[in-house]
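Novice: For the sequence shown, the UniProt record's numbering gives the first residue as 1, with consecutive numbering after it. Where a beta carbon is used, it is the ideal one built from N, C-alpha and C, also for glycine. Because the structure is a prediction, the values reported are computed rather than measured.
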Amino acid sequence: MFRVQKTLLAEYEEIYEPVLVENPFTLVDTRGIGLRQYHVALTSSRIIFGCDNFYKHGQRDSVASSYGNCLDPEIECFELVSLIPLQLIRFNFYRYLDRCLMMVSVNHQLQLTSPLSQERPMILEFGGHVYKTHFWRTWRERVSTIRLMQPLYSQITGHSPFSSTDVMVDDEETVALVHKAPRTPSVISRCQAEC
């Protein structure tokens with residue numbers, strides 16, 4: 001599962017940093033149509049994008065030359081494609097129907113050069129059918145923790161990790177039994193109780 005961390009340890013020791021959280025994402029457009037699959041990781045200072053390149057060790061028509069090169073099979077065709085410092089970006093987390101989404105955009109409060117300032121936001125849908133809500137919450141918590149612990153990154157998100165969207169109330173029928181108020185005992189009932 002930790003493909004980015006394994007790749008950092010195997011091929012990029014000089015820039016290695018412990019990964020706080022990582023999981024697969026699908027880059028989607030504004031209509032929700034998938035464009036590309038990424039494996040995204042968050043460290044304390046950057047966000048890292050990786051993806052599979054099945055022709056990394058050979059050409060399309062030839063047999064891959066990576067057999068027997070002692071690489072972990074999970075990362076032999078995996079490569080890092082982008083490392084972005086956290087001070088340049090902003091995260092937004094939201095849900096749409098049953099989809100858990102994260103939008104990564106360039107922080108417009110910074111005075112950036114024109115290619116970066118005109119970048120469109122990346123909308124990433126959390127992968128995994130069963131645990132996507134868990135990963136969505138985990139990413140929100142990690143980003144908020146970085147925001148609180150490191151003042152340099154206070155702009156990365158403006159949302160609390162514990163918003164009202166996290167509270168999902170199940171429809172539960174509750175029945176309350178209301179009893180009549182007790183009457184004061186009558187003279188007859190007092191006599192019957194004493195006898």
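1) Taking the continuous beta strand (DSSP E) assigned at G9, which residues delimit it?
2) Thinking S45 and L86 are a contact (beta carbons under 8 Å), I'd like their distance in whole angstroms, please.
3) In its own chain, which residues sit with a C-beta less than 8 Å from the C-beta of R36, not counting the 5 before and 5 after it?
4) Among N107, I15, I156, which one has its Cα closest to the Cα of L83?
5) Using only alpha-carbon positions, find the residue among Q155, K132, S144 that is nearest to P24.
6) Over what stretch of residues does the beta strand (DSSP E) that includes H129 continue unbroken?
7) Which whole-angstrom value is the C-beta distance of V22 and L42, which I expect to be below 8 Å?
8) If you follow the beta strand (DSSP E) that Y96 is in, where does it begin and where does it stop?
Specialist: Walking through what the data contain:
1) Indexing the sequence shown from 1 puts residue 9 at position 9. Checking the displayed sequence, the identity of residue 9 turns out to be Leu instead of Gly. It is not in any beta strand (DSSP E) - L9 instead sits in the alpha helix (DSSP H) that spans 3-11.
2) As a working mapping, residue 45 is identified with position 45 in the sequence shown. As a working mapping, residue 86 is identified with position 86 in the sequence shown. S45 to L86, Cβ: 6 Å. Contact.
3) On the sequence shown, position 36 is the one that residue 36 refers to. Hits under 8 Å: T26, L27, C51.
4) Residue mapping note: residue 83 aligns to position 83 of the sequence shown, counting from 1. The shortest C-alpha separation from L83 is found at I15.
5) Taking the sequence shown and counting its residues from 1, the one referred to as residue 24 is at position 24. Answer by Cα proximity: K132.
6) On the sequence shown, position 129 is the one that residue 129 refers to. First-last for H129: undefined, no H or E at that position.
7) Along the sequence shown, read from residue 1 onward, the residue named residue 22 stands at position 22. Along the sequence shown, read from residue 1 onward, the residue named residue 42 stands at position 42. Just to set this straight, residue 22 is Glu in the shown sequence, not Val. With 8 Å as the limit, E22 and L42 qualify as a contact, their Cβ atoms being about 7 Å apart.
8) Mapped onto the sequence shown, residue 96 falls at position 96. From DSSP, the beta strand (DSSP E) with Y96 extends over 89-96.
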